[in-house]
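In the numbering used here, the protein residues as written are 283 to 341.
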């Protein structure tokens with residue numbers, strides 16, 4: 283993930299990770315970035331799913 287942000291020149295302000303879901307077999311990473319729309323577009327282009335705040339609240 284960091285290389286994707288680096289290639290797109292997206293600055294990361296902070297990040298953290300957690301395990302979640304009913305089976306606790308899923309890992310999630312939360313990023314605070316300077317360019318949210320650019321980061322989301324780049325991650326989506328690479329085939330990664332970007333969660334909304336509502337998605338995270340329902341984990």
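All C-beta atoms, glycine included, are put in the ideal place defined by N, C-alpha and C. Since the model is a prediction, treat every value here as computed from it, not as a measurement.
Q: State yes or no: is the C-beta of residue 325 within less than 8 Å of the C-beta of residue 315?
A: In this structure, residue 315 does not lie closer than 8 Å to residue 325 by Cβ.
Q. Terminal residues of the continuous beta strand (DSSP E) containing residue 295?
A. Per DSSP, the unbroken beta strand (DSSP E) holding residue 295 starts and ends at 294-302.
**Q.** Identity of the residue in 335, 313, 341, 304 nearest residue 287 by Cα
**A.** Answer by Cα proximity: 313.
Q) Rounded to whole angstroms, how far is the Cβ of residue 341 from the Cβ of residue 303, which I believe are closer than 8 Å? A) Indeed, because the Cβ distance is near 6 Å, the residues count as touching under 8 Å.
Q) Which stretch, first to last residue, makes up the beta strand (DSSP E) that contains residue 338? A) Per DSSP, residue 338 lies in no beta strand (DSSP E); the unbroken alpha helix (DSSP H) holding it starts and ends at 335-339.
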